[in-house]
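A quick write-up on the structure given underneath.
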Ligand SMILES: [Zn+2]
């Protein structure tokens with residue numbers, strides 16, 4: 019049950035985007051190659067703004083948004099982090115640290131539990147975003163089960179198709195065990211087309227293609243105030259700059275246009291931008307221009 023959470027929110031950073039109360043929590047960290055994270059941008063520029071290790075890897079958080087609509091008894095998670103299905107060699111390669119108690123503890127602090135999760139929004143199926151959807155049922159390497167078996171799982175159908183048959187370039191980002199159980203689940207809801215209709219109050223969808231085909235971005239709120247989860251179009255605050263685009267992206271010039279679209283809404287309409295990988299910033303407000311955004315407010319969430 020969703021209780022009156024007012025007391026709990028005093029201890030958990032959040033932002034109100036009616037009808038939602040939204041938190042950004044860190045489920046873990048990874049380290050990815052700094053050059054891959056910034057594409058054509060030279061290291062002399064990006065190493066000034068990143069925590070770089072001896073292997074040239076930069077520190078990235080994996081973040082989950084928690085959105086709560088108390089009146090509707092709706093509890094939404096956006097992405098679920100890396101999960102625990104890692105062998106030591108692969109975990110070491112990416113310096114993966116995943117706290118499987120992060121989401122349960124954050125929910126407990128809000129007087130909620132994982133049983134209260136009604137919806138999971140899967141932006142895309144790269145392992146650093148949704149390895150946490152599933153866990154080993156018994157033995158590592160064998161069957162998996164969903165971590166949130168009662169929740170509706172939202173995903174774009176064409177992204178699922180791509181993840182099931184990825185390009186050689188991005189094949190390493192998709193791990194079949196992360197989503198095999200999802201394919202069999204009756205609580206998977208596919209979204210269709212470039213402008214999917216939303217059946218959830220105070221939530222609309224935006225779809226991007228630069229990083230990976232049919233990445234799904236939730237936009238919370240209404241005309242008076244909106245918040246977007248930027249996903250891997252703007253993974254960290256450093257990626258607000260248009261040309262700071264990841265080498266992982268399948269269509270980097272599309273990413274630049276999509277970034278400009280997000281920034282434009284941030285500058286003109288005051289949208290809050292939230293990031294999946296920034297180690298210190300859950301979200302920001304921006305001003306300036308879409309091409310040269312300036313952070314005006316670091317949002318506490
Ligand atoms: Zn990512």
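Numbering (our numbering), first residue to last: 19 to 319.
C-beta atoms are modelled at their ideal positions from N, C-alpha and C, and glycine is treated no differently.
Check: Option nearest residue 69 by Cα separation, candidates 48, 135, 83, 88; Outcome: 48
Check: The region 243 to 256 / the region 202 to 212 touching (three or more Cβ pairs under 8 Å); Outcome: no
Check: Close-in-space but distant-in-sequence residues of the same chain around residue 269 (CB under 7 Å, 5 per side omitted); Outcome: 227, 228
Check: At least three beta-carbon pairs within less than 8 Å, the region 164 to 181 to the region 134 to 151; Outcome: yes
Check: Closer than 7 Å to chain B by CB, residue 104; Outcome: You won't find chain B in this structure, because it holds only one protein chain.
Check: Closer than 6 Å: residues whose CB approaches a heavy atom of ligand 1; Outcome: 144, 146, 147, 250, 253, 294, 295
Check: Backbone secondary structure at residue 154 - three-state DSSP; Outcome: strand
Check: Length of the line joining the Cα atoms of residue 63 and residue 249; Outcome: 23 Å
Check: Residue range of the unbroken alpha helix (DSSP H) whose run includes residue 272; Outcome: 270 to 287
Check: Buried or exposed by the 16-neighbour rule on C-beta atoms within 10 Å, applied to residue 276; Outcome: buried
Check: Outcome for residue 233 when other beta-carbon atoms lying within 10 angstroms are tallied against a minimum of 16; Outcome: buried
Check: Nearest-angstrom beta carbon gap, residue 285 and residue 308 [assumed within contact, 8 Å]; Outcome: 6 Å
Check: Given residue 235 as reference, the closest of 243, 242, 247, 241 once Cα atoms are compared; Outcome: 247
Check: Expected contact under 8 Å - CB spacing of residue 295 and residue 316 to nearest Å; Outcome: Not really, about 16 Å apart at Cβ, beyond 8 Å.
Check: C-alpha distance - residue 301 paired with residue 282, whole-angstrom precision; Outcome: 16 Å
Check: Backbone secondary structure at residue 36 - three-state DSSP; Outcome: coil
Check: C-alpha gap between residue 102 and residue 52, whole angstroms; Outcome: 24 Å
Check: CA-to-CA distance, residue 164 to residue 130, given in whole angstroms; Outcome: 19 Å
Check: Cβ separation of residue 319 and residue 304, assumed to be a contact under 8 Å, to the nearest whole Å; Outcome: At roughly 15 Å, the Cβ-Cβ gap does not stay under 8 Å, so residue 319 and residue 304 are not in contact.
Check: Collapsed DSSP secondary structure at residue 46 in the structure displayed; Outcome: strand
Check: Residue environment, residue 230, which counts as buried when at least 16 other CB atoms sit within 10 Å; Outcome: buried
Check: Residue 107 - containing alpha helix (DSSP H), residue span; Outcome: 106 to 111
Check: C-beta atoms of residue 57 and residue 80 nearer than 7 Å; Outcome: no
Check: Residues that DSSP places opposite residue 244 in a beta bridge; Outcome: 239
Check: Backbone CA spacing between residue 88 and residue 174 [nearest angstrom]; Outcome: 26 Å
Check: For residue 201, the three-state DSSP class (helix, strand or coil); Outcome: helix
Check: Reference residue 287, options 273, 263, 224, 240, closest by Cα; Outcome: 240
Check: Residue 282 CB to nearest heavy atom of ligand 2 below 6 Å; Outcome: As presented, the structure is devoid of ligand 2, carrying ligand 1 as its sole ligands.
Check: Contact under 7 Å by Cβ, residue 97 with residue 141; Outcome: yes
Check: Status (buried if at least 16 other CB within 10 Å, exposed otherwise) for residue 133; Outcome: exposed
Check: Separation of residue 153 from residue 20, as counted between CA atoms; Outcome: Because residue 20 carries a pLDDT of 38, less than 50, the predicted location of this residue cannot be relied on, and the following value inherits that uncertainty. Taking the straight line from one Cα to the other gives about 26 Å.
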